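What follows is a short report on a single structure.
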Amino acid sequence: MELDLSERTWTLVGWEPFTWDWLASSGQDLTSPTADFRKHQCTPEIPAQIPGSVQDDLLRAGLIPDWNVGLNALLCEWVEHRHWEYRCELEVPTDWADKRFILRAEGLDYAGYILVDGKVVASFEGMLMPHEFDLTASIQPGKRQRLSILFTEAPHEQGQIGYTSRSRFFKARYAYGWDWCPRMVPLGIWDKLTLMAVGATRLHGCLPYARYDVARGQGHLSLRLDVEVPEPRSLFCRVRLKDDERLLREEVLPCAFGPGRSETQLALSQPFAVEPWWPNGLGSRKLYSLGVQLEASSGEVLDSWQGRIGFKQVRWLPCEGAPANAEPWICEVNGKPVFLQGVNWVPPRMAYGSVTREMYAERLKLYADMGLNILRVWGGAILEKEVFYDLCDELGLMVWQEFPLSSSGVENTPPSDPQAIAKLAEIAASYIWRRGGHVAHLLWCGGNELTWRDARLTPVDETHPAIATLAAVSARLSPDKRFLSTSPSGPSFGFDPAQAGKGLHHDTHGPWENRGSFEQWKAHWDQHDALFVSEVGMPSASPVEILRRYSGGMELWPPSIDNPFWRYRSPWWIQWDYLAERYGFDANREELERYVAVSQEEQARHLAYMAASCKRRFPRCGGVILWMGHDIYPCSSNTAIVDFDGKPKPAVAALKAVFRAPDA
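4 is the number of the first residue of the sequence shown in this note's numbering; add one for each residue after it.
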């Protein structure tokens, strides 16, 4: 039994830091309808939506400007320096009286307190793991009570430039400013929130391992269960696998547990005939319904889990001509070698809690239509939501999920202290338990652009203690999946033409622009010998309509570093210097439409040539992943091939022609 708390009426009020705590500790009732706390509050009480963010609620109430417009993001930075209280009234049904009451939050950003009727009953910290709070002692069935979730100030995390070894908070770092977005640090309830009535025995998690045997056309299924029992107990696990409404397999498996919380692994006794799940473009994406019940010897159902699974077989094979020490970069799915073609994925909006299913579906369907088969969920962002993985299962888009580490410019080496590594291990285990059972999931990765402290930016490997720990967690919980130390990986960060033919380019990153001629770009890719390219890009301007809509009245011409609009919104990807020289643009002669068209055409032809060059080399090259898919912010210019509205730039059509071309 559970209540979906997103269906309740919520309000939000802002506090000057800790004034609410001071008032409560001095004996004042924070829930009193007659008390006047306005002099301690920085906003009135306003309607709120969950999941979402504090910033979205303030925007709807007219208390902050739209951060997507002009330089407005600068005017919103005060929000991260206040405390924010989400409130709702709830009444627990009286027939829950014999249960424990657990508040489960899939995403709280970032730290704060749980209050019931104005009293602190729990605290929390961390946005990338779910939180559970036992409210049994505070909730009275049949009584109307106030539940508050109060967020303190955002942690002082690093943005794009800093020191990876100092990472401690593991909050989405792009929100603190990256080359493709300004600083806008979300706070609030960003994922599902439920109040559950549970018994003494709980099934906390179920991690299915579904494998397809190509030779026999059969599926193998085993399960890892995370179970809590109050005392040693023998139970039964009923497993039902359905194809739509048709029961495909049912088994009842005995299992025993000691007191407390523990894990066990069970397997169905025999393989069975199934249809395989195929990546996009290669076949159907067959999915099956899986139900798991914990039962007492009497047949009483104590707890249950529901999900969808698919069956696939993955092998990683060496590229043709690869050096002996190279990672394997040919992905074979169900016996067929697959050229991996995809984009790097970030949330569609800076405030990730406000991303709707429709936003996910629009972008994912566009990528599937392009012929893509892989998405790299970048390590500077989040563990993507369940709905993202569900859609990827349906669309055949395989997922490369990174753990929450990213480069920092000054220094890119992961933290080495035991406390940070222990936190990373806990987060990684949570990632695997929550998303590892999805058939679309392909591999785990330690993080983005993690390197040793050397002049060559050599990618780290499993000799680093943090990476070794993440590898060990993956091996224990996800032994059927590949673990990759970082991206890029191997001896070299990027491709160096002077080192071509020496076996030094395994998985590489870059380049992300071309300030030379198109002939130079072609020559670069004609001699490229990397086994895999997990980041490569080319910038282009946003459509004219988006530029004008979000200009805030600022001048749009010239599109140069001297223009405050362009300098603030995307200074890394301004193309003015070389496009003006190449195409005769003049700062004193406004030609915005032509500039945008030229910029987008440059992106399209550069990326199409690069992608075709990589694909021609298959199986000497295993794939290419573009940086990046879509804009998270209406950048004036960026490497995205899909704009802020979710609409394709011309590069999408050019790449589709490459990615959907028949195999040679």
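Every residue, glycine too, gets a C-beta built ideally from N, C-alpha and C.
Just so it is clear, the structure is predicted and the values come from calculations on it, not from any experiment.
According to the Cβ coordinates, are Leu198 and Leu378 closer than 9 Å?
Their beta carbons are not under 9 Å apart, which means Leu198 does not touch Leu378 by this criterion.
Tell me the DSSP secondary structure of Pro567 in three-state form.
If DSSP states are grouped into helix, strand and coil, Pro567 belongs with the helices.
Between the C-alpha atoms of Val242 and Asp306, what's the straight-line distance to the nearest angstrom?
Their Cα atoms are separated by approximately 13 Å.
According to DSSP, simplified to helix, strand and coil, what is Ile49?
Here Ile49 sits in strand by DSSP.
Can at least three beta-carbon pairs, one atom from the region 269-279 and one from the region 168-188, be found at a separation below 8 Å?
No, the region 269-279 is not in contact with the region 168-188.
So what does Ala664 bridge to, in DSSP terms?
DSSP lists no partner for Ala664.
Per DSSP, what are the beta-bridge partners of Thr267 in this structure?
Answer is Leu228, bridged to Thr267.
Mind checking which residues open and close the alpha helix (DSSP H) that includes Gly391?
Just to set this straight, residue 391 is Phe in the shown sequence, not Gly. Where Phe391 is concerned, the enclosing alpha helix (DSSP H) stretches over Glu389 to Leu398.
Residue range of the alpha helix (DSSP H) that Val601 falls in?
From DSSP, the alpha helix (DSSP H) with Val601 extends over Leu595 to Arg619.
Which residues in the same chain as Asn566 place their Cβ atom closer than 7 Å to its Cβ, once the five residues preceding and following it in sequence are excluded?
Correct list, in chain order: Glu558.
Measure the alpha-carbon distance for Ser357 versus Asp69 and round it to whole angstroms.
Taking the straight line from one Cα to the other gives about 14 Å.
According to DSSP, Pro257 sits in a beta bridge with which residue or residues?
Answer by DSSP bridge pairing, in chain order: Phe239.
Measure the Cβ-Cβ separation of Gln636 and Pro185 and say whether it is below 9 Å.
Reading off the sequence, residue 636 comes out as Tyr, not Gln. Cβ distance < 9 Å, so Tyr636 and Pro185 count as in contact.
In terms of alpha-carbon separation, which member of Lys368, Ile312 and His84 lies closest to Leu226?
The residue with the shortest Cα to Cα distance from Leu226 is Ile312.
Please classify Val413: is it buried, with 16 or more other beta-carbons within 10 angstroms of its beta-carbon, or exposed?
Val413 is exposed by the Cβ-count criterion.
Expressed to the nearest angstrom, what Euclidean distance is found between the alpha-carbon atoms of Ser411 and Leu446?
C-alpha separation (whole angstroms): 23 Å.
State the beta-bridge partners of Tyr215 as determined by DSSP.
Tyr215 is bridged to Gly222.
Taking Cβ positions, are Asp499 and Arg623 nearer each other than 9 Å?
Going by C-beta atoms, Asp499 is not nearer than 9 Å to Arg623.
Mind listing, in chain order, the continuous alpha helix (DSSP H) runs of no fewer than 4 residues lying wholly within the region 7-40?
Runs found: 22-28.
Who are the near neighbours of Arg41 in its chain, counting only those whose CB is closer than 6 Å to its CB and skipping five residues on each side?
No residues qualify anywhere along the chain.
Would you tell me roughly how many angstroms separate the C-alpha atoms of Gly222 and Glu335, rounded to the nearest one?
Straight-line Cα distance between these residues: approximately 17 Å.
Please identify the residue among Met353, Tyr113, Glu109 and Trp183 whose C-alpha is closest to the C-alpha of Met631.
With distances taken between Cα atoms, Met631 lies closest to Trp183.
Grab the span of the beta strand (DSSP E) containing Trp579 for me, first residue to last.
Trp579 -> not in any beta strand (DSSP E); alpha helix (DSSP H) instead, spanning Trp579 to Tyr586.
For a test of the three-state rule: what should DSSP assign to Ile192, helix, strand or coil?
Correct three-state label for Ile192: strand.
Just mark Glu1 as buried or exposed, buried being the case when its beta carbon has 16 or more other beta carbons within 10 Å.
In the structure as shown, the chain starts at 4 and stops at 667, and residue 1 therefore has no counterpart that could be examined.
Would the region 362-382 count as touching the region 423-435 if we require 3 or more Cβ pairs under 8 Å?
No, the region 362-382 does not touch the region 423-435.
Considering just the uninterrupted stretch of the beta strand (DSSP E) at Thr511, what are its terminal residues?
First-last of the beta strand (DSSP E) with Thr511: Asp510 to His512.
Residues in its own chain within less than 6 Å of Val124 by CB, not counting five upstream and five downstream?
Here the set comprises Ile117 and Ser141.
Could you tell me whether the region 199-209 touches the region 164-174, where touching means 3 or more Cβ pairs closer than 8 Å?
No, the region 199-209 is not in contact with the region 164-174.
Go ahead and pull the three-state DSSP assignment for Val645.
The answer is strand: DSSP assigns Val645 an E or B state.
How long is the line joining the alpha carbons of Tyr215 and Arg318, rounded to whole angstroms?
Rounded to the nearest angstrom, the two C-alpha atoms are 11 Å apart.
Report yes if the CB atom of Phe568 is closer than 9 Å to the CB atom of Gly626, and no otherwise.
Their beta carbons are not under 9 Å apart, which means Phe568 does not touch Gly626 by this criterion.
For Asp182, write down the residues that DSSP places opposite it in a beta bridge.
Note: Asp182 sits in no beta bridge, so no partner.
Around the C-beta of Thr466, are 16 or more other C-beta atoms found within 10 angstroms, so that it is buried, or is it exposed?
Answer is exposed; the Cβ neighbour count stays below 16.
Please report whether the beta-carbon of Cys209 lies at a distance below 9 Å from any beta-carbon of chain C.
In the structure shown, chain C does not exist; there is a single protein chain.
Please work out which residues of its chain come closer than 8 Å, Cβ to Cβ, to Thr14, disregarding the five sequence neighbours upstream and downstream, and give them in chain order.
Cβ within range, chain order: Glu48, Ile49, Pro50, Ala51, Tyr89, Arg90 and Cys91.
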